[in-house]
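Below: the structure, in structure tokens.
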Amino acid sequence: MDESAWWPEGIAQSTIDEANLEGELRTSFGRTTTWDFKPFLSASAWQEAPEKGIVWGQWISEISDVEILSSSSSGIVVVLNERFQADIQPFGVGDDVSRLSRYGPWKEVLQNQSIHLPIGGWTVDGHDRVLIYPRHAITSATNNEEQVLAMVKHFGAIHSSLATFETPNTERRWNDRLKSMEDELKTKTMWRAPHSSSTVGLPRLHLSLERLVDVDGVTKFVPLSRSLAEHLLCQNDRLPSLASLMILERQWSAGKPLSEEQRRLLLETWSRSCPSKWSSPPALSTVRGGAWVWRYHAALLELAQATAFADESTVERCKAWLHDVSRLQAHLGTLRMWKSGQWVGATSLIVAFFSSRMETLSTTQSLLLAALGGVIIFASNAIYRMKDPKPY
């Protein structure tokens, strides 16, 4: 097994042996728990369920063969008896995945969706260590536009099924997430957004176009654990569906930059399979954040994870994308200037009203001033809306 694939060599401040001995991983991003997972790469460790923590669902104990399928920054995937797959997470990154199966109301609404939930696992101190699934061949959709759009349609339906569990806009926390990553990564960009009230938080799903399975002819997402970088840098926030969609878009664009038409198709496919308010004009308006601020968020997350695992090519790609953000922000600054015209118009209306009452201006002059104020308000608002950058 290639240790460098799952070990965050870009930020680790302790060795693997030190981390296992201390039960803690020290990094330049912060600290989290770790454990010695290597016994679970052989059959003997599976014979009895672990005593520490919580073993939930089905624990597969009659194991005679363990095969390492893959090792990556997302953890280690093993095949058990050629019938089951298990995700092993070396570090404490939360229990986002197991809660989807352990919390009855969420599991119930997700049962008929295109998501492959774990049937059992092992969680210690609020962190998933082992997640067990029936085995199905892992596939990817990033190289096929038709498959990507089909999965985006499923993605929208998955989030729609969770709409009854939505929580109100937590704008301040979402902006704090951006700041925490900007500060640690020392980017030259800064973005804060006044999100629309129709942008709501949802139970967190970490889905990837690179981790899909075919179950009886239906392609399904396999939920992943939170990335190590996100866990270290950000609070455990609920995010809107649009935020997760932009992470998928980022994955799709990894091989080749997307065209405006492809970004438009992605947004339109998602909007047709989720509540209309999530893709309403206020929710997608760039001056209120919209899709672009969540693209920025996705780029920061990817940059943080690539930095953690010393993936230099991805780091450079993210930095190149962030370099172009300043041009968009400059345009938004110009838009705010046009928006200020509404205050000029409102001031004209107020002056016209009081001038008429105090008779400092004639009635005709007051009416002309009021009309001018109304024109300024209408014109500035029209220009403001017209120049709002498209969400794609």
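Taking numbering that gives the first Met the number 0, the leading residue of the sequence shown gets 0, the next gets one more, and so forth.
Every residue gets a Cβ at the ideal spot worked out from N, C-alpha and C, and that includes glycine.
None of the values given here were measured: they were computed from a predicted structure.
Measure from the C-beta of residue i to each C-beta in chain B and report whether the shortest distance is under 8 Å.
{"i": "isoleucine 59", "result": "The structure shown contains no chain B, having only a single protein chain."}
Which residue from the options puts its Cα closest to that of residue i?
{"i": "glycine 119", "options": "Ser207, Lys276, Ala369 and Asp94", "result": "Asp94"}
{"i": "serine 325", "options": "Val221, Glu50 and Thr186", "result": "Thr186"}
{"i": "glutamine 261", "options": "Val147, Thr163, His296 and Ser279", "result": "Val147"}
{"i": "serine 113", "options": "Glu358, Val221 and Ala290", "result": "Val221"}
{"i": "glutamate 301", "options": "Met180, Thr188, Thr122 and Ser159", "result": "Met180"}
{"i": "isoleucine 10", "options": "Pro388, Val151 and Phe308", "result": "Phe308"}
{"i": "alanine 42", "options": "Val78, Glu23, Leu24 and Ser73", "result": "Val78"}
{"i": "lysine 255", "options": "Leu227, Thr313 and Val214", "result": "Thr313"}
{"i": "arginine 316", "options": "Gln328, Ala297 and Leu327", "result": "Ala297"}
{"i": "tyrosine 391", "options": "Thr14, Leu327 and Thr218", "result": "Leu327"}
{"i": "proline 117", "options": "Val123, Pro38 and His135", "result": "His135"}
{"i": "glutamine 110", "options": "Ser73, Ala149 and Ser160", "result": "Ser160"}
{"i": "leucine 299", "options": "Leu367, Thr33, Ala242 and Glu23", "result": "Ala242"}
{"i": "serine 406", "options": "Gly22, Ser69, Gly29 and Ile59", "result": "Residue 406 lies beyond the residue range present for the chain, which begins at 0 and ends at 391; the question has no answer from this structure."}
{"i": "glutamine 250", "options": "Gly216, Arg225 and Glu209", "result": "Glu209"}
{"i": "glutamate 51", "options": "Ser275, Gln84 and Val123", "result": "Note on residue identity: the sequence assigns lysine, not glutamate, to residue 51. Nearest of Ser275, Gln84 and Val123 to lysine 51, Cα basis: Val123."}
{"i": "tryptophan 269", "options": "Val151, Trp173, Leu231 and Gln234", "result": "Val151"}
{"i": "serine 226", "options": "Ser207, Ser365, Leu244 and Leu211", "result": "Ser207"}
{"i": "cysteine 233", "options": "Leu371, Ser13, Trp173 and Thr346", "result": "Trp173"}
{"i": "leucine 99", "options": "Leu40, His205, Ile75 and Lys178", "result": "His205"}
{"i": "leucine 238", "options": "His158, Ala305, Gly74 and Gly56", "result": "His158"}
What residue range does the alpha helix (DSSP H) around residue i cover?
{"i": "arginine 295", "result": "This sequence places tyrosine at residue 295; arginine is not what is there. From DSSP, the alpha helix (DSSP H) with tyrosine 295 extends over 289-307."}
{"i": "lysine 51", "result": "No alpha helix (DSSP H) contains lysine 51, which DSSP labels as neither H nor E."}
{"i": "phenylalanine 154", "result": "144-160"}
{"i": "leucine 227", "result": "227-232"}
{"i": "histidine 322", "result": "311-322"}
{"i": "phenylalanine 171", "result": "Residue 171 is actually arginine in this sequence, not phenylalanine. Segment 170-184, the alpha helix (DSSP H) holding arginine 171."}
{"i": "proline 280", "result": "280-283"}
{"i": "leucine 241", "result": "240-251"}
{"i": "threonine 268", "result": "259-270"}
Given a threshold of 16 other Cβ atoms within 10 Å of its Cβ, counted over all protein chains shown, does residue i qualify as buried or as exposed?
{"i": "isoleucine 62", "result": "buried"}
{"i": "arginine 128", "result": "buried"}
{"i": "aspartate 86", "result": "buried"}
{"i": "tyrosine 295", "result": "buried"}
{"i": "alanine 18", "result": "buried"}
{"i": "tyrosine 132", "result": "buried"}
{"i": "glycine 289", "result": "buried"}
{"i": "glutamate 229", "result": "buried"}
{"i": "serine 60", "result": "exposed"}
{"i": "lysine 106", "result": "exposed"}
{"i": "serine 240", "result": "buried"}
{"i": "methionine 0", "result": "For methionine 0, the predicted model reports a pLDDT of 47, less than 50, meaning its position is unreliable; a value from the coordinates is still stated below. Per the 10 Å Cβ criterion, exposed."}
{"i": "arginine 82", "result": "exposed"}
{"i": "leucine 365", "result": "Sequence inspection shows serine at residue 365; the leucine mentioned does not correspond to that position. When all chains shown are included, serine 365 counts as buried."}
{"i": "valine 286", "result": "buried"}
What number of angstroms, rounded off, separates the C-alpha of residue i from the C-alpha of residue j?
{"i": "valine 92", "j": "serine 272", "result": "30 Å"}
{"i": "histidine 194", "j": "asparagine 80", "result": "49 Å"}
{"i": "proline 202", "j": "glutamate 165", "result": "7 Å"}
{"i": "valine 54", "j": "leucine 223", "result": "18 Å"}
{"i": "glutamate 170", "j": "alanine 192", "result": "8 Å"}
{"i": "leucine 266", "j": "threonine 31", "result": "36 Å"}
{"i": "leucine 283", "j": "leucine 264", "result": "14 Å"}
{"i": "glutamine 88", "j": "serine 258", "result": "35 Å"}
{"i": "glutamine 46", "j": "glutamate 66", "result": "16 Å"}
{"i": "isoleucine 291", "j": "tryptophan 320", "result": "The identity of residue 291 in the sequence shown is tryptophan, whereas the question assumes isoleucine. Going from the Cα of tryptophan 291 to the Cα of tryptophan 320 covers about 12 Å."}
{"i": "arginine 25", "j": "tryptophan 6", "result": "12 Å"}
{"i": "isoleucine 137", "j": "isoleucine 376", "result": "56 Å"}
{"i": "glutamate 23", "j": "glycine 155", "result": "37 Å"}
{"i": "phenylalanine 90", "j": "aspartate 35", "result": "10 Å"}
{"i": "proline 167", "j": "valine 199", "result": "5 Å"}
{"i": "lysine 389", "j": "proline 280", "result": "10 Å"}
{"i": "aspartate 387", "j": "glutamate 21", "result": "52 Å"}
{"i": "glycine 29", "j": "leucine 211", "result": "31 Å"}
{"i": "alanine 44", "j": "threonine 188", "result": "47 Å"}
{"i": "serine 196", "j": "isoleucine 349", "result": "30 Å"}
{"i": "serine 278", "j": "leucine 244", "result": "12 Å"}
Just to confirm the assignment, what range does the beta strand (DSSP E) spanning residue i have?
{"i": "leucine 24", "result": "23-26"}
{"i": "arginine 128", "result": "126-133"}
{"i": "phenylalanine 164", "result": "Counting along the chain, phenylalanine 164 falls outside any beta strand (DSSP E), and DSSP gives it neither H nor E."}
{"i": "leucine 211", "result": "211-214"}
{"i": "valine 217", "result": "217-220"}
In chain order, each alpha helix (DSSP H) run of at least 4 residues that lies wholly inside the segment 33-120: If only complete runs of 4 or more residues are kept, the segment 33-120 shows the alpha helix (DSSP H) at 95-101 and 103-109, in order along the chain.
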